[in-house]
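In what follows, a single structure is set out as structure tokens and then discussed.
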Amino acid sequence: MKFLKWLLIVFASLFLLLAAYLTLIFDPNDFKPQIVEAVKKQTGRTLTINQDLSWTFFPSIGIALGDISLSNPKGFKNDTMLKVDGIVAEVALLPLLSKEVEIAQLNLDGLTLNYDSYKNGRTSLDGLTSGGDKAGAEQAASDSKPAEGSVQLSSLNIGGIAITNTQVNLFDEATGKVQALKLEALTLGAFSLDKFADISFKFSMVQPEMTLTSEGNGEIKVDSSLAKITIKDFVVENIVEGDAIPNKRMQMDLTSQIELDNQAKTLAVVLSSLSLEQIKAQGKLAVNYGAKVPDVVASMSFGDIDLTPYMAKGEAAKADEKGGAASASAQEPDLTGMKAVNLKLDLDIKSVVADKIKTENWLMKLMLKNGVLDVNQLSADLYQGKLLASAQLDGRKKVASYRFDKKISGIQVRPLLTDAAEVDMLAGTTNFEVAGSGFSLIPDNIKRNLNAKGQFEIADGSLYGVNIPQMLRDAKAKLAGDLNATSAGEKKTDFTSLTGSFTMAKGQVTNPDLNMASPLIRLQGKGNVNLLSEAIDYALKTSVVGSLEGQGSAEKDELYGLEIPFAISGTISEPKFALDTAALFDAKLKKEAEKATDDLKDKLFKKLGGF
């Protein structure tokens, strides 16, 4: 026992002497000139260490250094590439003897990185990796193989990590813009493997057009294999500000649970809650990133969404439309990103309001696979009716192709047109269906290349802007000699049904069989609408089937049976209606001549005694 006691005393004495030598006599600052010279020789950069290095040996091995900077290449916008105010790192000594790592503290404060990039390809990283790429790759390959006798950690404990006042400045000569990313704080509380530890961060990003601030906290757990990471109760608050942001400010808050398994190459996210201003949602996400093309399965459920605050108003909206059309017409959109991921998404929304347009009960199921996007189901309730649609977008080629099938049933068309386009032109209960296909996503090309077929039926409705019976009454009065006949009344033509079919090709909609029926008149004919110029050209014929004085009249109208040409011209936004009174006059004369001939025949027949 005495021998063992003295052995321990000797060992402790030697240990203390070694510690005293390393801490009191050995000075790591003696090596600063060699370190600075080595960096200069290898990179051509200037390394500056203004603060003395200090270190501890027991009870923890640690080092503290600060006021360090590394220069950028000469001629760059920023003279300094990297600057650190202070670093403190300490590892407990005795646990290492038991194959345990216990980091007493790890603090990094005041790190500033200035990354400059220029049109000629030069960047702040030039010269930092030269001559070492191959060796580094070989070393990395070597390090990836476990060496015999290597130390396997039985545990990992961290007293705490704090990274504060970190800033990254990105300068791009091509755009002339500077982006600033600032990590004000990233802290990790007392941490051990297989146990949850507190984690929090505060981050901001400044761009010329906007500023983003993000702050969050939660609990993190890493399993003993270091492959599985779990974050629970992760609460994040994001605020975006800038002139380009609707209302110049937008806030998004979310709470989530995250599980990452790096062995199975999977990521699972449960979005317990998400709020974007007044928009509320929840959902979940599963990612398999081990495949060549990552697979993503997601589902989202939204409450009431009001898009009105985020829509441009008045002249600004028109300017945006013109600007967007001009930029969009320049070239086809790049859809190569559609091949980068396979996605399956289920989405439901309680209601969507966009300015005056009101819709409810949205359901959507879509799948993106190998560059082809399929919307297998899209449905919604709107204006007392139902929308059902499906579509496909093929982004595998440079010029995308698409197809769609759309049906609406029972929709009240007048409030829809009024709310959507401020057009008070048509009313009634509408059934409509169309199926089409085309290629190119440039707006004008969509109009030119779209081929489609469809049909429509509107029941118990009205055509606003024209009163065809009134026009016929005025024409009848003029035929009777009253050339100034003009009746006052609402410009509206009621009908019991309005039906037709149509085709779309080369930018033109052709309607060969328009039929309108009402108790007073019938309207039939054909026409077309040019989608590029928005010009309307319809040649119709109207005929009187009842009394123009109104329903219930006992006598047939004197225009009964006559077919009168009726034309629709102008544009979609400003249609013009015209009744061909000259043709009406000719038809009336022809009818009266036929009637006079019949009367003469009857008289002759009677005079001849019935022969």
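Numbering (UniProt numbering), first residue to last: 1 to 611.
By construction, the Cβ of each residue, glycine as well, lies at the ideal position given by its N, Cα and C atoms.
| Asked | Found |
| --- | --- |
| Can you check the region 392-451 for any alpha helix (DSSP H) of at least 4 residues that lies completely inside it and give the ranges in chain order? | 413-421, 443-449 |
| Could you tell me the distance, in whole angstroms, from the CA atom of L47 to the CA atom of V39? | 7 angstroms |
| DSSP puts Q105 in a beta bridge; with which residues? | E90 |
| Taking the alpha-carbon positions, what's the D460 to L426 distance? | 11 angstroms |
| If I measure Cβ to Cβ from A140 and keep anything under 8 angstroms in the same chain, skipping five residues before and after, which residues do I get? | Residue confidence is low: A140 scores 44 on pLDDT, short of 50, so the model does not pin down where it sits. Its coordinate-derived value is still stated next. Hits under 8 angstroms: none found. |
| Just how far apart, CA to CA, sit Q251 and M516? | 52 angstroms |
| CB-CB under 6 angstroms to Q263, same chain, minus the five flanking residues each way: which ones, in chain order? | A227 |
| Can you tell me whether I35 is buried or exposed? The criterion is at least 16 other CB atoms within 10 Å of its CB, across all chains shown. | exposed |
| Could you check where the alpha helix (DSSP H) with I35 kicks off and where it finishes? | 32-43 |
| To the nearest angstrom, how far is it from the Cα of E494 to the Cα of L382? | Reading off the sequence shown, one finds Asp at residue 494, where the question assumed Glu. C-alpha separation (whole angstroms): 24 angstroms. |
| Could you check if N120 is buried or exposed, using at least 16 other CB atoms within 10 Å of its CB as the buried criterion? | exposed |
| Would E90 be called buried (16 or more neighbouring beta carbons within 10 Å of its own) or exposed? | buried |
| Is there a C-beta anywhere in chain B that falls below 9 angstroms from the one on E102? | Looking for chain B here will not work: only one protein chain is present. |
| Closest by CA to F203, which one among F171, E209, S192, N238? | N238 |
| Using the three-state DSSP reduction, which class does P333 fall into: helix, strand or coil? | coil |
| Got a sec? Which residues, its chain only, sit under 7 angstroms from G110 by beta carbon, not counting five neighbours each side? | V84, D85, G86, N165 |
| Evaluate M471 with the Cβ neighbour count: other Cβ atoms within 10 Å of its Cβ, from every protein chain shown; 16 or more gives buried, anything less gives exposed. | buried |
| Note the first and the last residue of the continuous beta strand (DSSP E) segment covering P512. | 508-517 |
| With C-beta atoms as the reference, is G436 less than 9 angstroms away from G410? | no |
| Quick one: grab the DSSP three-state call for Y310. | helix |
| Find the nearest neighbour of A340 within the set D374, S60, V296, T308, judged by alpha-carbon distance. | V296 |
| Assign E360 to one of two classes, buried (16 or more other C-beta atoms within 10 Å of its C-beta) or exposed (fewer than that). | exposed |
| Is it right to say A190 is buried, meaning 16 or more other beta carbons lie within 10 angstroms of its own, or is it exposed? | exposed |
| For the candidate residues N217, L514, E184, whose alpha-carbon lies nearest to that of D198? | N217 |
| Could you tell me the alpha carbon to alpha carbon distance between D513 and G525, rounded to whole angstroms? | 6 angstroms |
| Taking S256 as the reference, give the member of D233, R249, G242 with the closest Cα. | D233 |
| Can the beta-carbon of K453 be found closer than 9 angstroms to that of T496? | no |
| Would you be able to state if there are at least three C-beta pairs under 8 angstroms between the region 343-355 and the region 388-400? | no |
| On the CB-based measure, 16 or more other CB atoms within 10 Å of its CB, does F302 come out buried or exposed? | buried |
| From the DSSP output, in three-state form, read off V151 for me. | The pLDDT assigned to V151 is 39, lower than 50, so where the model puts this residue is not dependable; a value taken from the coordinates is nonetheless given after this. Residue state, collapsed to three classes: coil. |
| For V353 and T308, I'd like the C-alpha separation in whole angstroms. | 7 angstroms |
| Are the CB atoms of E173 and S124 within a distance shorter than 9 angstroms? | no |
| Could you compute how far the alpha carbon of L417 sits from the alpha carbon of F196? | 57 angstroms |
| For L276, tell me which candidate among Y289, A298, P246, V269 has the shortest Cα-Cα distance. | P246 |
| Here's the rule: buried if 16 or more other CB atoms are within 10 angstroms of the residue's CB, otherwise exposed. What is M338? | buried |
| Note down the Cα distance separating L260 from I229, rounded to an integer number of angstroms. | 5 angstroms |
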